[in-house]
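Asks:
Protein chains: 2
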Amino acid sequence: MSELVKPRTLSGFMELQPRDQVLFDRIRMTLEETYSSFGFFPLDTPILEHSDILLAKAGGETEKQIYRFEKGDTDLTMRFDLTVPLAKYVAMNANELAFPFKRYQIGKVYRGERAQKGRFREFYQADIDIIGDGKLDIRNDAEIPSIIYEGLKKLGIRDFQIRINNRKVLNGLFSVHGVADRSTDILRTVDKLEKIGKENVAESLAELGIPKASTDALLHVLCAGESTEEMLALLKEYQGKDETLDQGLAELSEVLREMENFGVDPAYFRTDLTIARGLDYYTGTVYETTIKKHPEIGSICSGGRYDNLAEFYTSRKLPGVGMSIGLTRLFYILQSQNYLNAECANAVDVLIIPMTKDLAEPLSTSTFLRSSGIRAQVYFEEKKFKQKIAYADKLGIPWCMFLGEDEIKEGKVSLKKLATGEQVTVTREEALSLLLAEKERRNALPAVLL
Amino acid sequence: MSELVKPRTLSGFMELQPRDQVLFDRIRMTLEETYSSFGFFPLDTPILEHSDILLAKAGGETEKQIYRFEKGDTDLTMRFDLTVPLAKYVAMNANELAFPFKRYQIGKVYRGERAQKGRFREFYQADIDIIGDGKLDIRNDAEIPSIIYEGLKKLGIRDFQIRINNRKVLNGLFSVHGVADRSTDILRTVDKLEKIGKENVAESLAELGIPKASTDALLHVLCAGESTEEMLALLKEYQGKDETLDQGLAELSEVLREMENFGVDPAYFRTDLTIARGLDYYTGTVYETTIKKHPEIGSICSGGRYDNLAEFYTSRKLPGVGMSIGLTRLFYILQSQNYLNAECANAVDVLIIPMTKDLAEPLSTSTFLRSSGIRAQVYFEEKKFKQKIAYADKLGIPWCMFLGEDEIKEGKVSLKKLATGEQVTVTREEALSLLLAEKERRNALPAVLL
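Just so you know, the sequences run in chain order A and B.
Heads up: the first sequence begins at 1 in our numbering, then just goes up one per residue.
Heads up: the second sequence begins at 451 in our numbering, then just goes up one per residue.
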């Protein structure tokens, strides 16, 4: 026997214990169902692509972080997001696709970031995007956050707020105040408002050489209260002064109105003129989503509107709007802060423990239960009775079922609820009803308590 | 604007059209549900691992085909199957896991095989395994093919047969006939029985120097008729002559008996003494699964019993049994041979087409439908009416719903079934019933017709 290799997983690669994996999958599937309920198609692009495809746009930072290598004479890169593969896919298939093309993709992406707690090198992103051919109605910009709202609520997350802005409003404000040429610098500074406060931002802007009058006027608007109504009222004073601003304001108002029509509770979203996101990519609506109790986490779900999804691959104009949840990171936070609902971490509804050598009856019972939707495991190993119960307990299986000679003779089964120790002897059908009721109760529980 | 990069996908990497992706996902989810219904936990290991972990066992052929590269000073390999990562996982977590550990994993694996039609370099495997600590009851060997039987049937595949053998029976037969020292050569030859026929195999065995008497006796047993009863009767004549053979025969009989107890229709499985699978890995039960109409495809799902899952990582003895479906290849075959059910390739239940500028009513209707499980898309774009219907048609959306001023005034909606052109004006609730009935009908359809 050769020497043993120490089994280990790469650092920065999440690998979960079985019961945590059940929770992760439940969260993933809830998002899939939500995305799908709005008419989005699933997409599954390869993890490897030609390097020139993935790096057609990428800048220095991205290039440093990527997993890139050669195999034979092919230059390969592992995808670092799901947007570039989408752009490739839509450009390749533009003639076959029906537009607007609505797709979701939940998949792993790879970034060789410095390893640190809560940072992952392999992580899931959960993306939705709507792509238009030539143009795309602004009301799609209202649908995207409405989907995220539904998804987060279904997960059991209630302590979140989706913040919405429109880049055109910002650009318009900069124009009006005569600082359009410094917009990138200003945005970068203003982005820190929440962190460093109004006064420090004012100071930084002064250092950048922005006139005090402009700074005061800008900060007056950008820092306007929590209420969307106040914000819109303030912005309306600018109407007619700048075409871009007018357009941005019209878009923003439309998005906010349609979100209400979608049934999004106004407590869950607000206008925030200080968010800008990926300066060179988004062109209109932008979104960020924060957990109110945990501002330190930053945005758990971001996105926005872009004019040209696939400009590096096609001259066809393909505008789009989308959002992306950093799922692995979100899961890590929920797990490490104890917001996961352990009651949802079970994969088996009942453990059938045969008490006879002959398995005809236990096996046919297991098949009967499964055919009605119960996840039933038959325990085959020779172990002490106590060990079998301990096994069920460790896996979080709520019920054990015993089939001894007496039960079989009477056409019954014994069912024990592990949490309470109660035991009943009932018919198969009665057992099924009990198990289904318990399953339904658990299915209705949220995976997250936050 | 810089030059365009031609959008393209790596050869050997499957990337599906949206409606085919819906079918693929449905098949994947059906397998997940089936695996899960037997009490298996999901597992999701990284796609990248330390090279020394993945290659602890690998031989020359595997090494040539792998995607291996360095990043920084780390030697990385993309997983080429799901078994080696499972071995690592179980060895790493052996103290925390409850045994038997039952897990399924459906994930992508990577092999740099020569590109050819129907061969993939990135492909899904859909694995189930049961791992014991020290020992594992033989009845688990009956459960594994029973799960595959349920899964394939649920997919709509009816034309399959699971073939079962036990390596101990073969080794015992070779012992009895005095050719145990040539077992590897003989197995390799016998494996071709179905392809090249009995006479050619006899000739090959003669060339290997196997005595004619041994060859005749062996082929007499190995080629015994289609019926499992005949086969077992023949094998029983050997009882008492060799301990390994006796043990193998007892195991095989037990597996066949419990499969019947699991409710597997005997038409779907049979003993086949000529299958051996991965000579150096499996130690007892082995399985192959063939599509009867398409023997040329070879096995779509294989596996077996092994004594030591993780011998390269731990001295702990971890026996197991499992099977694996080559999902991407199976899908490719079903797709290219037209066995996929196009009626299952829809992602949207209803397209809501607003006929008014105000969207309050259409949007609240869409939210109402979604909350009852209907996948509802609202069409926002400004297009001609005909183009909107064509859009629904292209996506395979069965119903369109119109909300004009008249409908809204009456508190009704108009619902048009695209297949027939029928249109009714009904209440929201009535529309929901119609849509749910159609959805239920489609959900009951098999994704595969074979």
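C-beta: ideal position from N, C-alpha, C; glycine also.
Spell out whether any CB of chain B is found under 7 Å from the CB atom of glutamate 229/A.
Replies: As a working note, residue 229/A is residue 229 in the first sequence. Answer no: the Cβ-Cβ gap between glutamate 229/A and chain B never drops below 7 Å.
Asks: Can you give the Cα-Cα distance for aspartate 75/A and tyrosine 67/A, rounded to whole angstroms?
Replies: The residue given as residue 75/A occupies position 75 in the first sequence. The residue given as residue 67/A occupies position 67 in the first sequence. Spanning the two alpha carbons is a distance of roughly 11 Å.
Asks: Chain B beta carbons: is any one of them nearer than 7 Å to that of lysine 88/A?
Replies: The residue labelled residue 88/A in the question sits at position 88 within the first sequence. Yes, its Cβ sits closer than 7 Å to a Cβ of chain B.
Asks: To which residues of the same chain is tyrosine 332/A closer than 8 Å at the C-beta, ignoring the five residues directly before and after it?
Replies: Numbered from 1 along the first sequence, position 332 holds the residue referred to as residue 332/A. Excluding residues within five positions, the ones whose Cβ falls inside 8 Å are Met14, Gly118, Phe120.
Asks: Relative to the C-alpha of alanine 506/B, which candidate in Gly562/B, Ile741/B, Leu759/B, Phe830/B has its C-alpha closest?
Replies: By one-based count along the second sequence, residue 506/B stands at place 56. Taking only the C-alpha atoms, the option nearest alanine 506/B is Leu759/B.
Asks: Please determine if the region 591-600 of chain B and the region 705-722 of chain B are in contact, where contact requires at least 3 C-beta pairs separated by less than 8 Å.
Replies: The answer is yes - the region 705-722 of chain B touches the region 591-600 of chain B, with three or more Cβ pairs under 8 Å.
Asks: For proline 468/B and chain A, any beta-carbon pair shorter than 7 Å?
Replies: Position 18 of the second sequence holds residue 468/B. Chain A contact via Cβ: present.
Asks: Of all the options Gln17/A, Gln65/A, Ser364/A, which has the alpha carbon lying nearest to the alpha carbon of alanine 345/A?
Replies: Start at 1 with the first residue of the first sequence, and residue 345/A comes out as number 345. Selected option, being the one with the closest Cα: Gln17/A.
Asks: Go ahead and label valine 190/A buried or exposed: buried means 16 or more other beta carbons lie within 10 angstroms of its beta carbon, across all protein chains shown.
Replies: Within the first sequence, residue 190/A is the residue found at index 190, counting from 1. Result: buried.
Asks: What does the Cβ neighbour count give for lysine 416/A, buried or exposed, with the cut at 16 atoms within 10 Å?
Replies: Locating residue 416/A in the first sequence gives position 416, where the first residue counts as 1. Buried is the call here.
Asks: Under the criterion of a Cβ to heavy atom distance below 6 Å, does glycine 112/A qualify as lining the ligand SAM?
Replies: Judged by which ligands are present, the structure shown has none, so any question about the ligand SAM falls away.
Asks: Once DSSP output is grouped into helix, strand and coil, what is the label at glutamine 611/B?
Replies: Position 161 of the second sequence, counting from 1, holds the residue named residue 611/B. Looking at glutamine 611/B - three-state DSSP - the assignment turns out to be strand.
Asks: DSSP state of glutamate 499/B, grouped into three classes?
Replies: Within the second sequence, numbered from 1, the residue matching residue 499/B stands at position 49. Of the three classes helix, strand and coil, the one that applies to glutamate 499/B here is strand, per DSSP.
Asks: Return yes when the Cβ of alanine 87/A is within less than 7 Å of the Cβ of arginine 316/A, no when it is not.
Replies: Here the question's residue 316/A lines up with position 316 in the first sequence. Here the question's residue 87/A lines up with position 87 in the first sequence. No, the Cβ-Cβ distance between arginine 316/A and alanine 87/A is not below 7 Å.
Asks: By Cβ distance, which residues of its chain are closer than 6 Å to isoleucine 646/B, with the 5 residues on each side in sequence left out?
Replies: Within the second sequence, residue 646/B is the residue found at index 196, counting from 1. None.
Asks: Between aspartate 502/B and chain A, is there a C-beta pair that is closer than 7 Å?
Replies: Residue mapping note: residue 502/B aligns to position 52 of the second sequence, counting from 1. So, interface residue.
Asks: Tell me which residue opens and which closes the beta strand (DSSP E) that glycine 776/B is part of.
Replies: In the second sequence, the residue the question calls residue 776/B occupies position 326. 770-776 is the span of the beta strand (DSSP E), which, as asked, contains glycine 776/B.
Asks: Secondary structure at asparagine 788/B, three-state DSSP: helix, strand or coil?
Replies: Residue numbering aside, residue 788/B sits at position 338 when the second sequence is read from its first letter. Asparagine 788/B: coil per DSSP, three-state reduction.
Asks: Can you grab the Cα-Cα spacing for the pair phenylalanine 385/A / alanine 392/A, in whole Å?
Replies: The residue you call residue 385/A lines up with position 385 of the first sequence. The residue you call residue 392/A lines up with position 392 of the first sequence. Going by the C-alpha atoms only, they are around 11 Å apart.
Asks: Starting from the C-beta of valine 798/B, find all residues in its chain whose C-beta is less than 7 Å away, skip the five residues before and the five after it, and write them out in chain order.
Replies: For the purposes of this step, residue 798/B is identified with residue 348 of the second sequence, where counting begins at 1. Counting only Cβ-Cβ distances below 7 Å, and skipping sequence neighbours, we find Arg825, Gln827, Leu845, Ile847.
Asks: List the whole-angstrom C-beta distance separating leucine 449/A from tyrosine 339/A, where the pair is believed to meet the contact cut-off of C-beta under 8 Å.
Replies: Along the first sequence, read from residue 1 onward, the residue named residue 449/A stands at position 449. Along the first sequence, read from residue 1 onward, the residue named residue 339/A stands at position 339. About 6 Å; that satisfies the 8 Å criterion.
Asks: Rounded to whole angstroms, what is the Cα-Cα separation between lysine 153/A and isoleucine 131/A?
Replies: Here residue 153/A refers to the residue found at position 153 when the first sequence is read from its first residue. Here residue 131/A refers to the residue found at position 131 when the first sequence is read from its first residue. Answer to the nearest angstrom: the Cα atoms are 25 Å apart.
Asks: Does the Cβ-Cβ distance between tyrosine 104/A and isoleucine 128/A come in under 7 Å?
Replies: If you number the first sequence from 1, residue 104/A lands on position 104. If you number the first sequence from 1, residue 128/A lands on position 128. Going by C-beta atoms, tyrosine 104/A is nearer than 7 Å to isoleucine 128/A.
Asks: Rounded to whole angstroms, what's the CA-CA distance from threonine 678/B to aspartate 475/B? Just pull it up for me.
Replies: Here the question's residue 678/B lines up with position 228 in the second sequence. Here the question's residue 475/B lines up with position 25 in the second sequence. If I take the Cα positions, the gap works out to 36 Å.
Asks: Under three-state DSSP, which class holds lysine 417/A?
Replies: In the first sequence, the residue the question calls residue 417/A occupies position 417. Lysine 417/A falls in the strand class under three-state DSSP.
Asks: According to DSSP, is tyrosine 485/B helix, strand or coil?
Replies: Taking the first residue of the second sequence as position 1, residue 485/B is located at position 35. Three-state result, tyrosine 485/B: helix.
Asks: Which partner residues of lysine 293/A appear in the DSSP bridge assignment?
Replies: Position 293 of the first sequence holds residue 293/A. Its beta-bridge partners do not exist; DSSP assigns none.
Asks: Taking just the CA atoms, how far does methionine 479/B sit from glutamate 32/A?
Replies: One-based indexing of the first sequence puts residue 32/A at position 32. One-based indexing of the second sequence puts residue 479/B at position 29. Answer to the nearest angstrom: the Cα atoms are 12 Å apart.
Asks: Tell me whether the beta-carbon of lysine 135/A lies closer than 7 Å to the beta-carbon of glycine 39/A.
Replies: In the first sequence, the residue the question calls residue 135/A occupies position 135. In the first sequence, the residue the question calls residue 39/A occupies position 39. Contact: no.
Asks: Given 8 Å as the limit, is there contact between the region 357-365 of chain A and the region 400-407 of chain A, that is, 3 or more CB pairs closer than that?
Replies: A contact exists between the region 357-365 of chain A and the region 400-407 of chain A.
Asks: Can you look up asparagine 308/A in the DSSP assignment and give me helix, strand or coil?
Replies: Walking along the first sequence from the start, residue 308/A turns up at place 308. Coil at asparagine 308/A, not helix or strand.
Asks: Run through DSSP, which three-state label would arginine 68/A get?
Replies: Reading the first sequence from its first residue, position 68 is the one you call residue 68/A. In the structure shown, arginine 68/A sits in a strand (DSSP, three-state: E or B).
Asks: Return no unless some Cβ of chain B is closer than 7 Å to the Cβ of methionine 259/A.
Replies: On the first sequence, residue 259/A is found 259 positions in, with the first residue counted as 1. No, methionine 259/A does not count as interfacial toward chain B.
Asks: Tell me which residue opens and which closes the alpha helix (DSSP H) that arginine 370/A is part of.
Replies: The residue you call residue 370/A lines up with position 370 of the first sequence. Looking at the DSSP string, the run of the alpha helix (DSSP H) that includes arginine 370/A is 360-371.
Asks: Roughly how many whole angstroms lie between the Cα atoms of glutamine 689/B and glycine 753/B?
Replies: As a first step, residue 689/B is located in the second sequence; it is residue number 239 there, counting from the start. As a first step, residue 753/B is located in the second sequence; it is residue number 303 there, counting from the start. Distance between the alpha carbons of glutamine 689/B and glycine 753/B is about 26 Å.
Asks: Taking only beta-carbon atoms, is glutamate 879/B less than 7 Å away from chain A?
Replies: Walking along the second sequence from the start, residue 879/B turns up at place 429. Chain A contact via Cβ: absent.
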